[in-house]
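**Q** If you scroll down you'll find the structure; I have some questions about it.
Encoded structure:
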């Protein structure tokens, strides 16, 4: 056994966070303090932006000024991310979804369009099924891992056959609330820990800023399945009540040999999402962007804004 | 193998329900329709009554007129009970608690005193920890199985060592949403299925009215632990923010030989509840009623009303 | 709620079993009594036959005389099936596999060729990885649900996306050890309980003989995942030490829309099995029979015997 | 976030192990290579010694010469401990128990007295219930955490209310197979990670030798419950078939306030063990040693040897 250097400490020390060009605010939602940023006029339609896993509100920093010409936008830090409260043992879709229900009530205060990426896209779907009546008028699911982030999905590859082993790696080596922080050990161990199809992902020398702001217990909740233990995606999608949904589907490749999905959801899973929504009476718009990375709003903010705008204009929504 | 008669069908057929002397109403909370009854003047303080497992709102039918002299009372059917919506796969404390958060917002609309029995008492505790700021001003936990309804509690006997095997029996023979309804088989099999310390409980010839209105999947959620999978009681109690709590503790016996708890929570568990609440800065009142059965509000409504009133008057609450 | 007739009682009453043309014997393996039948000469190579789920030893009744011309055959009832012991709470691959290790030791007493169907094929794989050194000389995996019977497989569809819902139906309505036996309720409820892709399967008026001899808790163990909780198939296949394996792969269809696998394992999963075995240094023979049903040994005993014989002859095994 | 020094690497590097005065040997049991040491004459009765969690065979190093005057002793390293094979994902009582079944068959080769400490005592109980007929003639359970090492025991405190949080600490910071090895971080984090009743346990500056030889995944298997997932202790004890058992019960204190058990099993649990064994027809000898630490054979080898000898002599066993 040999000594080994370098571990990173728990979050919330002075050097965890950095400053941003948009003012951050906090609201007390009961269980958590939610951090958020807002831009745009109260006379524009309200748009709630929900980041993905390992993303803080500022993942939308480039897109927000563009969106603010058309919407009053609110970008939040979900519990366990950014500057919002850590809640050990309590990272579930239902708890995160209800945080957003309260946020819409307490901060936005009027019918809202919601748009979420990745896990945030799953929460966008959650809101279309389970929010309070009248809260959500339309929803964007931006490249959401519906089914693919479940441990035991109704269709297609689940978390073990997609990104899950990476979440397992992070939560194992970094620990809940960064309690372990064994970054270097993680970098050395990643090739052994990950299956071949993920082993190519490089672990950088230092934790990137977005990961520093992320509670690795999130990853554990996905890998173990507790995050959706009482929130089966198929059942959720059958329950959607919001009339209009835009589903964007970005780059994805399914490995023929390993079955591994590199991407948020497979074509088959996306088709199933559309069928279930249609069966629930929802007007679904599907846009495939096979050349675009997971975060369109981060990588191609103009394309994201244009895509959302085109769709919103097609809906003929009542003015707020 | 021999043929065997008599099974009871799924709920919600014409003969599932009976009429009551107080008008029932329903409200759309987003995911569920919640059934409730209300009595008393809007100028009195609001009091939310939360029934226990296998109890519908009318478990409070005798107590409500007495309470209505002092409060505007609202008694609800929790999801999966009474005339409220069944939600397969989604019976968790967090989901039920958030139903109540919405109910207070949408129906009561002002700061509320809450009082819950048994599982409803655990939800009363949930509200004191996790409701929206300002919703709950004080709370009664009426004989709540804190710790004792968990599969793996921080202290004392858990569900396997208390009432759990009975919940297992019901959910096994009756099925989720009464899909099996093998009542007679259950009566015959109960002695084999239950451990000695519960086998004395007689199974009546016919399902009683309260059980007819109960989704046996509730019982499964407790027996399997999904109900509190991401809601550890110890953590919850450390998080209580409401300033005043009344904990009533009714008849309980711990069997020296088997360790089995006949009762909602043991003395040791009650002490731990008080300590955790005190540590969170809560003003806790503890009242032990070793001679009173599990539902004081059902068995001794006058005593229940007097107990609640005495405590409320001691609090010097601001007028609504 | 309406009364409903007809339930079937627990197993092991007088009318559970029927007679067969080959004598049955029992051996005490420590935890269980194992029932089995044997045919053929001790001077022929030993062949152990392992039935599938819901199959007793007599599923091999037609094949045994044909095999006995070349082998001393032993067909067993696995724990929880046929006349072998029921073991509530203890149905795992590891326990069943170790029963077979003991059976080979105590009854066969010399190096053995093993051949198992379906779950028995998974146990055949288990023996190739985990039996005692020298016990198993070669193995047939007859249409085994490798990966496809796991809740969270390394590759391809798992139990939820294949036959699992049927196991869930059985164990729910019939109960562990046939404790509920609500056959008629099951027949009526099956369309609601099963997903579309399985709802076409007719439930007969009476339980067929093989199901009468089956402990429905088996099905629960697969549906819940306890059967393989500490026996990941991928890890098991990487650990195979027996030098020669025959993998037969029968009719299978993967539904394009639902992803549902009608069959024991998908082509992709079969390829992965072969790759893992090859990586472990095993000489794998793969035979695809897309026109043959799940049990070749039951439906086409001559083809089964011919297939096994051809392969055994190709191996140039040392004489026993 | 701050950099932090010192982690220990994976096991099996040159400096993991130390030499001992008794020769070590290895046997191939099929899945694992088992390391063991033996002493004494083949003409004496056979005695199998099963170490506890975090103990290698040499925990018996002082006792072995004393025992060897009366027995042929065999002390083993369980899978995942000492120099025996690591088996990720496969640490269960059933798998470890079956290792011992094979060891008795392959190495000892005759009826055996077994004696195990702690988790090894639970395995001693496992062998009395589930070994092959005739393998075990009598058994010592040395201070075994029956019930108390389960996540959801039939009686008394479970793993959460006893030593479990320490196992959780180790497996979290050290990682499966010492893949993380963040010893210093563990020492710093232990006070926060452990509940009060365990926080007093000091974490030394360096890993002690026994821990170096231990796979922390063992601890995870106990904390998560996978170790006994299909091996309920109550059911196991009801199934004991070996005629004579010695249960020793060492120092134990149950904290009145927290319910925490400092010790292997509570008095109530010990009584229940005795009752269940008596109900199974076993001749149980109970010896309480409230002044003796957890490992009598390590701390007071003479007392251990005398205790075992007195009991064996009282049994009037047939000569081997």
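Residue numbers (this note's numbering), protein chains in the order written: chain H, 1258 to 1577; chain G, 1258 to 1577; chain C, 1258 to 1577; chain X, 1258 to 1577. For every residue, glycine included, the Cβ atom is placed at its ideal position computed from N, Cα and C.
Would you report the Cα separation of residue 1556 of chain H and residue 1507 of chain H, rounded to the nearest angstrom?
**A** Roughly 12 Å separates the two Cα atoms.
**Q** Give, in chain order, every residue of the region 1405-1421 of chain X whose Cβ lies closer than 9 Å to some Cβ of chain G.
**A** Listed by position, the residues of the region 1405-1421 of chain X near chain G (Cβ gap below 9 Å) are 1408, 1409, 1410, 1411, 1412, 1413, 1414, 1415, 1416, 1417, 1418.
**Q** By DSSP, does residue 1495 of chain C sit in helix, in strand, or in coil?
**A** Three-state result, residue 1495 of chain C: helix.
**Q** Under 9 Å Cβ-Cβ, which residues of chain X neighbour residue 1515 of chain G?
**A** The contacting residues are 1411, 1412, 1525, 1529.
**Q** Taking 7 Å as the CB-CB limit, is residue 1485 of chain H close to chain G?
**A** Residue 1485 of chain H does not count as touching chain G.
**Q** Going by DSSP, what residue range makes up the alpha helix (DSSP H) through residue 1329 of chain C?
**A** No alpha helix (DSSP H) holds residue 1329 of chain C; the beta strand (DSSP E) holding it covers 1329-1333.
**Q** For residue 1328 of chain X and residue 1552 of chain X, I'd like the C-alpha separation in whole angstroms.
**A** C-alpha separation (whole angstroms): 20 Å.
**Q** Return the residues of the region 1355-1368 of chain H that lie within a Cβ-Cβ distance of less than 8 Å from chain G, sorted by chain order.
**A** Answer in chain order: 1355, 1358, 1359, 1362, 1363.
**Q** I'd like to know whether the C-beta of residue 1342 of chain H is nearer than 7 Å to at least one C-beta of chain G.
**A** It does not; no Cβ of chain G falls within 7 Å.
**Q** So the candidates are C:1316, C:1362, C:1284; which of them puts its Cα closest to the Cα of residue 1373 of chain C?
**A** Comparing Cα positions, the closest option is C:1316.
**Q** Under 7 Å between C-beta atoms, does residue 1299 of chain G make it to chain H?
**A** No, residue 1299 of chain G does not count as interfacial toward chain H.
**Q** Which residues in the same chain have their Cβ closer than 7 Å to the Cβ of residue 1258 of chain G, if we skip the five residues on either side of it in sequence?
**A** Note on residue 1258 of chain G: pLDDT 35, under 50, position unreliable in the model; the coordinate value appears next. Counting only Cβ-Cβ distances below 7 Å, and skipping sequence neighbours, we find nothing.
**Q** Once you ignore the five residues that flank residue 1571 of chain H on each side, which residues in its own chain have a CB closer than 8 Å to its CB?
**A** Contacts found: 1542.
**Q** Can you find the residues in the same chain that come closer than 7 Å, C-beta to C-beta, to residue 1474 of chain G, ignoring five residues on each side of it along the sequence?
**A** Hits under 7 Å: 1337, 1345, 1348, 1428, 1433, 1434.
**Q** With a threshold of 6 Å on Cβ separation, who are the neighbours of residue 1408 of chain H within its own chain once the five nearest residues in sequence on each side are excluded?
**A** Closer than 6 Å at Cβ, skipping near neighbours: 1415, 1416, 1482.
**Q** For residue 1339 of chain C, would you say it is in contact with chain G, using Cβ-to-Cβ distances shorter than 7 Å as the test?
**A** With 7 Å as the cut-off, residue 1339 of chain C does not count as an interface residue toward chain G.
**Q** What residue from G:1546, G:1445, G:1558 has the CA that sits closest to residue 1400 of chain G's CA?
**A** Residue G:1546 is the option with its Cα nearest to residue 1400 of chain G.
**Q** Does DSSP classify residue 1530 of chain H as helix, strand or coil?
**A** Three-state DSSP puts residue 1530 of chain H in a helix.
**Q** Can you pull the chain C residues whose beta carbon is under 9 Å from the beta carbon of residue 1351 of chain X, in chain order?
**A** The contacting residues are 1347, 1349, 1351, 1352, 1355, 1487.
**Q** Could you compute how far the alpha carbon of residue 1563 of chain H sits from the alpha carbon of residue 1394 of chain H?
**A** Those two C-alpha atoms are separated by around 19 Å.
**Q** Cβ of residue 1446 of chain G less than 7 Å from any chain C Cβ?
**A** Residue 1446 of chain G counts as touching chain C.
**Q** For residue 1495 of chain G, does the count of other Cβ atoms within 10 angstroms reach 16, so buried, or fall short, so exposed?
**A** Exposed is the call here.
**Q** So what's residue 1263 of chain G in DSSP terms, helix, strand or just coil?
**A** Residue placement at residue 1263 of chain G cannot be trusted, given a pLDDT of 40 that sits under 50; what the coordinates show is reported in the next sentence. Looking at residue 1263 of chain G - three-state DSSP - the assignment turns out to be coil, as it is neither helix nor strand.
**Q** Quick one: grab the DSSP three-state call for residue 1563 of chain H.
**A** In this structure, residue 1563 of chain H counts as helix in the three-state DSSP scheme.
**Q** Determine whether the beta carbon atoms of residue 1305 of chain C and residue 1485 of chain C lie at a separation below 7 Å.
**A** No.
**Q** Taking one C-beta from the region 1293-1310 of chain H and one from the region 1275-1285 of chain H each time, how about it: are there three or more such pairs within less than 8 Å?
**A** Yes: at least three Cβ pairs fall under 8 Å.
**Q** Got a sec? Which residues, its chain only, sit under 6 Å from residue 1491 of chain G by beta carbon, not counting five neighbours each side?
**A** These residues qualify, in order along the chain: 1411.
**Q** Report the three-state DSSP secondary structure of residue 1286 of chain G (helix, strand or coil).
**A** In this structure, residue 1286 of chain G counts as coil in the three-state DSSP scheme.
**Q** If you follow the beta strand (DSSP E) that residue 1273 of chain X is in, where does it begin and where does it stop?
**A** Note, residue 1273 of chain X: premise wrong, no beta strand (DSSP E); not H, not E.
**Q** Are residue 1381 of chain X and residue 1310 of chain X touching if we call contact CB-CB under 7 Å?
**A** Result no, Cβ atoms of residue 1381 of chain X and residue 1310 of chain X do not sit closer than 7 Å.
**Q** Are residue 1426 of chain H and residue 1406 of chain H closer than 7 Å when you measure CB to CB?
**A** For residue 1426 of chain H and residue 1406 of chain H, no; Cβs fall outside 7 Å.
**Q** Excluding the 5 residues preceding and the 5 following residue 1277 of chain X in the sequence, name in chain order all residues of the same chain whose CB lies nearer than 8 Å to its CB.
**A** Around residue 1277 of chain X: 1294, 1315, 1318.
**Q** Determine, using beta carbons only, whether residue 1285 of chain G comes closer than 7 Å to chain H.
**A** Judged by the 7 Å Cβ criterion, residue 1285 of chain G is in contact with chain H.
**Q** Between the beta-carbon of residue 1423 of chain H and the beta-carbon of residue 1455 of chain H, is there less than 7 Å?
**A** It is a contact, given that the beta carbons lie within the stated cut-off.
**Q** What residue range does the alpha helix (DSSP H) around residue 1254 of chain X cover?
**A** Here chain X comprises residues numbered 1258 to 1577, so residue 1254 of chain X is not present and cannot be evaluated.
**Q** Give me the DSSP bridge partner(s) of residue 1291 of chain G.
**A** Per DSSP, G:1284.
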